[in-house]
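Per numbering that gives the first Met the number 0, residue 0 is the first one in the sequence shown, and the count goes up by one each step.
Built from N, CA and C at the ideal position, the CB exists for glycine as well.
The structure presented is a predicted model; accordingly, all values stated were derived computationally and were not measured.
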Amino acid sequence: MLGVDRDSAELADLFDERNEAVKNVVREVIRAAHKADCKVGICGEAPSDYPEFAAFLVENGIDSISINPDRFIETKKIVAKAEGK
0 MLGVDRDSAE
10 LADLFDERNE
20 AVKNVVREVI
30 RAAHKADCKV
40 GICGEAPSDY
50 PEFAAFLVEN
60 GIDSISINPD
70 RFIETKKIVA
80 KAEGK
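Below, the structure is given as structure tokens:
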């Protein structure tokens with residue numbers, strides 16, 4: 000997995016939280032935490048900026064998602080749809 004300062008103009012084009020390596024780590028963290036009876040939440044831009052990432056998180060059992068207020072209604076609909084699968 001690649002760690003990049005997403006706020007750096009020089010490196011921003013290297014950063015994509017939708018990268019499969021990042022998603023694999025997120026998936027594994029959720030799995031391992033739940034195995035240890037721990038809840039998992041995420042705070043960041045990805046669930047607000049990329050609806051498919053919010054759905055990915057729900058489909059992988061995330062317990063809570065922090066999102067930007069201006070994206071609440073849209074993201075809530077996406078979460079509800081993903082939970083219905």
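Of the residues the options, the one placed nearest residue i, counting alpha carbons only
i	options	result
R26	A79, G60, A81	G60
D15	A81, A31, E58, P46	P46
F52	H33, K34, V78, S7	V78
E19	E9, D36, F55	F55
Backbone secondary structure at residue i - three-state DSSP
i	result
I61	coil
G40	strand
A8	coil
D15	coil
K75	helix
K84	coil
Start-to-end residues for the beta strand (DSSP E) that takes in residue i
i	result
I66	No beta strand (DSSP E) contains I66, which DSSP labels as neither H nor E.
Residue i - containing alpha helix (DSSP H), residue span
i	result
N23	19-34
Anticipated Cβ contact below 8 Å, residue i with residue j, distance rounded
i	j	result
P50	E82	In fact, because the Cβ distance is near 14 Å, the residues do not count as touching under 8 Å.
(request) Mind the definition here: the region 35-42 touches the region 8-23 only if three or more C-beta pairs lie below 8 Å; say whether that holds. (result) no
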